[in-house]
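Residue numbers (my numbering): 645 to 979. We treat Cβ as the ideally placed atom computed from N, Cα and C, and that holds for glycine. Small disclaimer: the values here were computed from a predicted structure and weren't measured.
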Amino acid sequence: MFQKNISLKPINTFGIDAYAESFVSVTSLNQLQDIISQYKDIFILSGGSNILLTRNISKPVIHLNLKGKEILEIPNQNKVYIKAQAGENWHEFVLWCIDNDFGGLENLSLIPGNVGTSPMQNIGAYGCEIKDTFYELEALEIASGKIKVFKKEDCNFAYRESVFKNTLKDQYIILNVTFELTKEHHKLNISYGAIQDALQKKGISNPTIKNISDVVIAIRQSKLPDPKDIGNSGSFFKNPVISKEQFNNIQKAYPQVPHYPLSDTSVKVPAGWLIEQCGFKGQRYGDAGVHKNQALVLVNYGNATGKEIFELSQTIKQTVQKKFGISLNIEVNIV
Ligand SMILES: Cc1cc2nc3c(=O)[nH]c(=O)nc-3n(C[C@H](O)[C@H](O)[C@H](O)COP(=O)(O)OP(=O)(O)OC[C@H]3O[C@@H](n4cnc5c(N)ncnc54)[C@H](O)[C@@H]3O)c2cc1C
């Protein structure tokens, strides 16, 4: 059932030409259970949009392709529960919800990857995160082969974090995710200035979820490089949260520093701005580089290796540390 020596280049958005020694596409739960009864040390690959492959993978690579969507309606309530299987493409799923007038995911339009991976780092964009609409997920425990239900409180969701990236890393395979969405009277989130401006420009004062999805798609297309054109994995680093005191010191030297106060004592600073101040924006080193419009996005111009991109990320990290005293954390999963 396994294929040997398969290039993963078409299945990772960085376009890194790393190989899987053995590779299988899994389309049913039975098939997955059968595999994990034989192999415990495996690598799960979904959309490949949040990984940097720095070497070939010797563990069996399981490409998760479980498909399907179910609607569970609650009579007389403004709620609908949608269960989607892990291998459903995230953006197609969001568009399907919008076509059915199910509200809640519209701000997360056009994020690459699959539904099953969305809770891994609590994907987020334009003021929303999946924790806002997440109801529960089912995951297969690799050690026991048992299926466990995780409610929101079990997932420890935080900014680009969940229990699956931390204490339970590599222990569970997420099989499906259920979202609690609205059927009508949608709770729109237009807190982001860019969304408000785009709606205003289009003369839309009473937006629908489709209007919001459309403007989010347009904003993302204008800002982020499409992995089809240039290999990348979106934001490479997380935006750091620093103390108010440290922020005040930086602001003295750089009065224009963009920032988002999180509490009386902590401030979030855009990692892209810090990287840009260190002079990396638009720089190219062989085929590895920093995107010309988005310093937070590292790119592969064609034949960069994962190691070269990783080394560039370390140079950036050290330079930012030296200049600002801020330690950047990587968002992408380094393999
Ligand atoms: C252009 C671009 C823009 C992006 N914008 C955003 C954004 O706005 N917001 C955001 O949050 N993210 C963003 N991302 C990152 C990425 O899209 C998300 O993290 C996405 O959820 C990754 O899904 P995937 O299926 O591609 O995961 P993969 O890259 O296949 O896997 C990521 C990790 O999860 C593990 N994994 C995968 N599936 C499962 C599973 N079912 N069970 C257990 N473990 C699993 C893998 O082993 C790996 O460690 C962007 C990426 C790109 C390329």
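Extent of the continuous beta strand (DSSP E) run through residue i
| i | result |
| --- | --- |
| glutamate 780 | 778–785 |
| valine 911 | 910–912 |
| serine 651 | 647–651 |
| isoleucine 715 | 713–717 |
| histidine 707 | 701–708 |
| glutamine 895 | Taken as a continuous stretch (DSSP letters only), glutamine 895 belongs to no beta strand (DSSP E), being part of the alpha helix (DSSP H) at 888–897. |
CA nearest to the CA of residue i, picked from the options
| i | options | result |
| --- | --- | --- |
| glutamate 773 | Ser762, Glu828, Asp685 | Ser762 |
| histidine 830 | Lys882, Glu750, Ala787, Cys799 | Glu750 |
| glycine 933 | Phe687, Asn876, Val738 | Asn876 |
| aspartate 873 | Pro654, Ile679, Ile863 | Pro654 |
| glycine 691 | Met764, Ile718, Lys723 | Met764 |
| aspartate 798 | Leu689, Lys809, Trp740 | Lys809 |
| arginine 864 | Arg699, Leu752, Ser651 | Leu752 |
| lysine 684 | Ile856, Leu784, Glu805 | Leu784 |
| phenylalanine 667 | Gly969, Phe891, Leu689 | Leu689 |
| tryptophan 740 | Gln895, Leu812, Lys854 | Lys854 |
| glutamine 682 | Ala787, Arg804, Ile856 | Ala787 |
Neighbourhood of residue i by C-beta distance below 7 Å, restricted to the same chain and skipping five residues each side
| i | result |
| --- | --- |
| arginine 928 | Tyr945 |
| glycine 916 | Gln938, Ala939, Leu940 |
| lysine 795 | Glu780 |
| glutamate 732 | Lys711, Lys713, Asn758, Val759 |
Rounded distance between the beta-carbons of residue j and residue i, thought under 8 Å
| i | j | result |
| --- | --- | --- |
| tyrosine 663 | asparagine 649 | 6 Å |
| serine 693 | glycine 757 | 4 Å |
| valine 821 | glycine 768 | Valine 821 to glycine 768, Cβ: 15 Å. No contact. |
| leucine 708 | histidine 735 | The pair is not a contact, with the Cβ atoms about 17 Å apart (cut-off 8 Å). |
| glycine 950 | threonine 671 | Actually they do not touch by this definition, with Cβ atoms about 28 Å apart. |
Range covered by the alpha helix (DSSP H) that runs through residue i
| i | result |
| --- | --- |
| valine 860 | 853–867 |
| serine 957 | 950–968 |
| alanine 932 | Taken as a continuous stretch (DSSP letters only), alanine 932 belongs to no alpha helix (DSSP H), being part of the beta strand (DSSP E) at 932–934. |
| serine 681 | 673–682 |
| leucine 843 | 837–845 |
| glutamine 921 | 915–921 |
Residue i Cβ short of 7 Å to ligand 1 heavy atom set
| i | result |
| --- | --- |
| asparagine 709 | no |
| glutamine 765 | yes |
| asparagine 758 | yes |
| alanine 769 | yes |
| leucine 689 | yes |
| alanine 730 | yes |
Beta-carbon contacts of residue i that lie in its chain and below 6 Å, excluding the five residues immediately before and after
| i | result |
| --- | --- |
| glutamine 647 | Phe667 |
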